[in-house]
Each structure stands twice: as structure tokens, then as C-alpha cells.
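The sequence shown lines up with residues 17 to 270 when you count with my numbering. To start, the structure itself, in C-alpha cells.
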Amino acid sequence: MNKAVINGVELAWERRGNGPPLVLLHGFPLDHSIWNDALPMLENDFDLILPDLRGFGESSMLESPYSMKDLAGDIASLLDSFGVEKAHLAGHSMGGYVGLAFAKAFPQRVNGLALVASQAAGDSPERKEGRYKTAAEVADCGVRVVAEAMTDKFSADARVRDALRPLMERQSVAAVMSALHVMALREDLTDFIASFDRRLVLIHGDADALIPVDRAREIKSLQPSAHFFELPGIGHAPMMEAPGQTALGLKALK
Ligand code: MLT
17 MNKAVINGVE LAWERRGNGP PLVLLHGFPL DHSIWNDALP MLENDFDLIL
67 PDLRGFGESS MLESPYSMKD LAGDIASLLD SFGVEKAHLA GHSMGGYVGL
117 AFAKAFPQRV NGLALVASQA AGDSPERKEG RYKTAAEVAD CGVRVVAEAM
167 TDKFSADARV RDALRPLMER QSVAAVMSAL HVMALREDLT DFIASFDRRL
217 VLIHGDADAL IPVDRAREIK SLQPSAHFFE LPGIGHAPMM EAPGQTALGL
267 KALK
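And the structure:
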């Protein structure tokens, strides 16, 4: 992968395709490769920019704590390094939280936003506590705690589970613990999404066991003009379970 030093972090990225820039942001605890199956169907439509978020994949991280806004800032600085002023953003799950934080911090730089198996709501107090508990377990027992808890919930498709589990297990303890804290502390952006005035695309499987499809339906009710692709029988990894339908949905950004 290519690397750039961004905000003191070595950020790994890939770029391919032609068209308006589209940043594809991966979810937790994964890396840019989750988008691979969808790329051939997107590269004639977009200049695809695929970073590994701070700490994940081949990107490094700092020891100091960071926030969702810092992750958004990494993406803004990466775009600066390419001379890209405005882009579409598509975020899977945690990547959607980063996309939302980017859209809030840099509204003038967003052409459109796609939330893929994601949500605008913040964590309930119970969910936050659960994340802190998981982070402590990861510190004691390693990343396999998260891989064991999440893999089966990700997808009913054994091929997808078999690809995701080793990918999760490859991530570092520090990155996984930090991301759990970052997600727990993220803002509730429901009001923000209700007033979002750029193109909005929602792609969500109705069999998602990690973020229920109701989260996307709620956003659609707040933003009736959103393009909503509700995918029957699809779980938490639409870009891997249904790459064609996911690519089609992402093309609605244009
Ligand atoms: C993800 O897939 O990125 C996570 O499930 C998101 C979350 O835990 O909120």
C-alpha cells in the first residue's frame, strides 16, 4: 500500500479508478480490503480512495487518545495531500461514524455521504459500558475476544465470516481498544443528519445483527430524499455479501 505521514500518523491508502473522488471508509475492526469485491463495479465511476483508518491495517497510530473528529481530520489531511478539495464519502459501520464526523467538521468538502450498515445515533449508556468492558477484555486476552464476539453476528454467509475473522484477528490490541473508546465517546449525530443538505445514500441489510436496519429506516424518515437501499437477507457486511447491490447503491451518490 501507499503511505503518507498525516497528522503524525503513517496512513496507508490505495487509490484507483476514474471519476469524482469517493472515499471508502472501513468498519471496526477491519481495513480497506473489505471493499475489494465492490471495486471493479465502481472504478469506472469514481476516483476511489481507500485508507486504512488510524491504527488499522497498515496504518500506524499514536499513543495519545484521539476522537472521531481526529479520524475525520486524518481523511481531510489525506485529501489535502492529493489536492482533492471535495469528495463523496461512504462509510461502513464505524467508517460511517467517521464519514458523519467528516461531514459535520468539513461540510463544504462533502459532495455526498453514504452510510453502509451504519447509523447516526450515538451509544446508549449501556452500550458505552459494554464497549469499555470489551476494551478491558481485549487488553487482557487479545483481539480474539472481539473476533469471537462479532464474527457470527457479521454475516450468515460462511465465505464472508471466513474472510472477516482472520482480518479482525490481524488488527492490533491498541487500535481495537482505542476504537472502542472512540466509538463510545462519539457524538449523537441524529440532528445533524436530519439537516444534512447533500446527497445521502443509505445501504443496509435487513438481516444486520449488529446495527439493526431500523437505524437506517429512522434516518430515511428524517431525510425522505435519501436514497435508501434496503437489502433483503443481507447482514452487516453488504459490500462483501452483496457487492453488486452495494456498488449500485453507491452510484446513487453521483
Ligand atoms: C462496526 O462494524 O464498525 C461496528 O460494529 C460498529 C459499532 O460497533 O458500533
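The beta carbon of each residue, even a glycine, is placed where N, CA and C say it ideally should be.
Per DSSP, the unbroken beta strand (DSSP E) holding A106 starts and ends at A103 to H108.
Comparing alpha-carbon positions, the option among A258, A119 and S188 lying closest to L216 turns out to be A119.
Excluding sequence positions up to five before and after E59, its CB lies within less than 8 Å of the CB of R32, G33 and N34, all in the same chain and listed in chain order.
Here the distance from the Cβ of M199 to the nearest heavy atom of ligand 1 is below 7 Å. Bounds of any beta strand (DSSP E) do not take in H197; it lies within the alpha helix (DSSP H) bounded by V189 to A200. Cβ contact annotation for M57 (same chain, cutoff 7 Å, sequence separation greater than five): P259, G260 and A263, in chain order. Scanning P67, A54, A253 and F44 for the CA closest to the CA of M17 turns up P67. Residue range T206 to A210 is occupied by the alpha helix (DSSP H) that includes D207. For P141, the number of other beta carbons within 10 angstroms of its own is below 16, and it is reported as exposed. Here Q124 is exposed, its C-beta having fewer than 16 other C-beta atoms within 10 Å. Boundaries of the alpha helix (DSSP H) around R147: P141 to C157.
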